[in-house]
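Participant: Numbering (full-length UniProt numbering), first residue to last: 1 to 631.
(1) Could you have a look at residue 611 and say whether DSSP puts it in helix, strand or coil?
(2) Runs of 3 residues minimum, wholly inside the UniProt domain "TRAM" (537-607): which ones carry the beta strand (DSSP E) assignment?
(3) Please return the same chain residues whose Cβ sits closer than 7 Å to the Cβ of residue 498, not counting the five positions on each side in sequence.
(4) Would DSSP call residue 83 helix, strand or coil?
(5) Taking the alpha-carbon positions, what's the residue 217 to residue 598 distance?
(6) Applying the criterion that 16 or more other CB atoms from any shown protein chain within 10 Å of the CB defines a buried residue, is residue 607 buried or exposed?
(7) Compute the distance between the beta-carbons of residue 313 and residue 156, then report whether it is under 9 Å.
(8) Please determine if the region 444-453 and the region 468-477 are in contact, where contact requires at least 3 C-beta pairs separated by less than 8 Å.
(9) Report the rounded CA-to-CA distance for residue 413 versus residue 547, giving the unit in angstroms.
(10) Residues in the same chain with beta-carbon distance under 6 Å from residue 493, minus the five sequence neighbours each way, listed in chain order, please.
(11) Kindly identify the DSSP beta-bridge partner or partners of residue 453.
(12) Please report how far the alpha carbon of residue 550 lies from the alpha carbon of residue 560, in whole angstroms.
(13) For residue 81, I'd like the list of residues in its chain whose CB is within less than 6 Å of its CB, leaving aside the five on either flank, ordered along the chain.
(14) State the DSSP-derived secondary structure class of residue 296, mapped to helix, strand or coil.
(15) Taking only three categories from DSSP, how would you classify residue 399?
(16) Sorted by chain position, which residues of the same chain lie with C-beta nearer than 6 Å to residue 284's C-beta, five sequence neighbours on each side aside?
(17) Quick one, which of 519, 518 and 535 has its alpha-carbon nearest residue 486's?
(18) For residue 290, write down the residues that DSSP places opposite it in a beta bridge.
(19) Can you tell me whether residue 581 is buried or exposed? The criterion is at least 16 other CB atoms within 10 Å of its CB, across all chains shown.
(20) To the nearest whole angstrom, what separates the beta carbons of residue 244 and residue 211, a pair I think is in contact under 8 Å?
(21) Given residue 395, which residues of its chain have a CB within under 7 Å of its CB, disregarding the five upstream and five downstream residues?
(22) In three-state terms, what does DSSP make of residue 363?
(23) Just how far apart, CA to CA, sit residue 431 and residue 507?
(24) Is residue 224 buried or exposed, if buried means 16 or more other CB atoms sit within 10 Å of its CB?
(25) How far does the alpha helix (DSSP H) with residue 434 in it extend, from its first residue to its last?
(26) Helix or strand or just coil, what does DSSP make of residue 419?
(27) Between which two residues does the beta strand (DSSP E) harbouring residue 237 extend?
(28) How is the alpha helix (DSSP H) around residue 376 delimited, first residue to last?
(29) Going by C-alpha to C-alpha distance, which of 460, 215 and 174 sits closest to residue 532?
(30) Is the region 285-300 close to the region 252-263, with three or more CB pairs under 8 Å?
(31) Pull up the distance between the alpha-carbon of residue 429 and that of residue 402, whole angstroms please.
(32) Using a Cβ-Cβ cutoff of less than 8 Å, which residues in the same chain neighbour residue 337 once the five nearest sequence positions on both sides are dropped?
(33) From residue 329 to residue 545, what does the alpha carbon distance come to, in whole angstroms?
(34) What residues in its chain sit with their C-beta under 8 Å from that of residue 368, if we drop five residues either side in the sequence?
(35) Looking at the strands, I want to know which residues DSSP matches up with residue 272.
(36) Please state if the CB of residue 172 and the CB of residue 198 are separated by a distance shorter than 9 Å.
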């Protein structure tokens, strides 16, 4: 397992002995981590080099990781410079080739039972090599809630490594954009933003240089284009490589080259990273419980930008939620690309469930049934029991993963919100088959009916794609009729945007004209809003529990918050209770609804209460009347 040292001045790999003959000193200039494997060992300590020595010797099997160690020495036309007496003395005292080769084998130590134990490698570069030295970082976030959580994770990692949080771009040394790649429009926003930042970067010059970085899904998908387009980006870091950000930034600051790591992982969940919340005053927080997706819908880029499904251990999730509870958080949203396919496969969970995952009736998958692990229902129970005054939500689920156990758990715990995001994408069975969704229109409607039979009054929202490959006008009408039947509380509608790498890109034709997509998109959105407006107006006179978030965006005289259905409720800020105090963020207030639109509800605050007390009061309301009002 001989190691080679690359000298970029002569453009050749040399053995350590050859390098000693021609080079002044050894110093690590650059590392390219091709895989998250064990680190090479630093051998300076073995040879008693002084702490401030410039001589750093490294060895590693080059087939495992590409470690490029370059020599700092200039070469003349003949290829060599004469070394000074001091440098010769250093080389003579340093280790030779045999020392390098003998050190490659890890030392063995005999255990108590007589078996050999391989001692752990010591990393050749400790955390102190990648310190931020108080450089200020400003992060902008685009896209879904997962990107918000990714931002909090990246920020936590950087702060732990000596970087500081910048309050604006003007004071920032580094600007990072956490990006989305799910639609073309999302990427266009990033390109436009990069052009703006490029102007700031050029204007600053070398006096206060600005480093730009692209993080997230767009980084993985367009790494080469990002680096080549006008050479404006210094760092490209994928969703599974945020732990590497300190090293990437160090590399950028010590050389003029861009730094890249978009390696996807089969294991990374950032379970041990405590996110730094973007708004520490908010009563709401996101908690990532899993990453990646195995569904392989034909239109979706997520499996290619975020990798395969893997879940955090329940214990680490509960620990994070306990911390949030102590901080006064009252509303937690569990996040995942396919959140209800959660499976805790950690050793502590054990093989407690040997049964295959249960699918909703009439649904199928592109993969074999999965066995083992603790499932989503077990997680819901665990997090709901952390604090009965903390609301629990989850997004984004797949309709296939709603066994009765999950629905019963939602029914049994008052603090699990009776709100389900149920992405349909289309109301036509042929289009659903082309999308690879694994269900028909009929199966989806049966699931909606079944959910409402267990959770009366449940709030349903959905996603819809307008103008998918081959979608006819008749198929579009089927989607409109699905909206008429279900009557969603909220819907997210988008015109189809074909993405490279997806199955649709390789096998289907994007044959619906752009203007037709736009028309159908608006028709879907308008149809949902009609039903949402009717539904919200039917709630006039009802008393709802609202978690106060803060002042309304439109008026400082009003407060704004969310009800159980995740609908925004606005009401005048007036003193309440015997203490005659205005409600504060994090308070639960009972609000009587006075008016409503498709997007918001308006009302008047009656009194402050707790989630537990309000839930008890609902038990005395007529069940039939409640169901009729909300179906």
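Even for Gly, the Cβ is constructed at its ideal location relative to N, Cα and C. In this text, all values refer to a predicted model and were calculated from it rather than measured experimentally.
Facilitator: By the coordinates alone:
(1) helix
(2) Counting only runs of 3 or more, we get 543-551, 558-562, 568-572 and 588-596.
(3) 504, 505 and 510
(4) Residue confidence for residue 83 is low, a pLDDT of 42 falling below 50, so the modelled location carries little weight; the figure read from the coordinates is stated next. Note: residue 83 maps to coil in three-state DSSP.
(5) The straight-line gap from Cα to Cα measures roughly 32 Å.
(6) exposed
(7) Residue 313 places its beta carbon 9 Å or farther from that of residue 156.
(8) The answer is no - the region 468-477 does not touch the region 444-453, with fewer than three Cβ pairs under 8 Å.
(9) Their backbone Cα atoms lie some 17 Å apart in a straight line.
(10) 464, 521, 524 and 525
(11) Looking at the DSSP output, residue 453 sits in no beta bridge, so it has no partner there.
(12) 6 Å
(13) The predicted model places residue 81 with a pLDDT of 43, which falls under 50 and marks its position as unreliable; any figure quoted below should be read in that light. Beyond the five residues adjoining it in sequence on each side, residue 81 comes within less than 6 Å, by CB distance, of no other residue in the same chain.
(14) coil
(15) coil
(16) 331
(17) Minimum Cα distance to residue 486 is reached at 535.
(18) Secondary-structure assignment with DSSP links residue 290 through a beta bridge to 311.
(19) In summary, residue 581 is exposed, with fewer than 16 beta-carbon neighbours lying within 10 Å of its beta-carbon over all protein chains present.
(20) About 15 Å; that fails the 8 Å criterion.
(21) Result list for residue 395: 145, 333, 335, 339 and 421, in chain order.
(22) coil
(23) If I take the Cα positions, the gap works out to 14 Å.
(24) exposed
(25) 429-435
(26) For residue 419, the three-state secondary structure derived from DSSP is strand.
(27) 235-237
(28) Per DSSP, residue 376 is one residue of the alpha helix (DSSP H) stretching across 376-384.
(29) For the residues 460, 215 and 174, the minimum Cα distance to residue 532 belongs to 460.
(30) With the cut-off at 8 Å, the region 285-300 and the region 252-263 do not touch.
(31) Distance between the alpha carbons of residue 429 and residue 402 is about 20 Å.
(32) 146, 290, 291, 292, 293, 302, 306, 309 and 396
(33) Their Cα atoms are separated by approximately 16 Å.
(34) Hits under 8 Å: none found.
(35) Residue 272 pairs with nothing; no bridge assigned.
(36) No, the pair does not count as a contact, with Cβ atoms beyond the cut-off.
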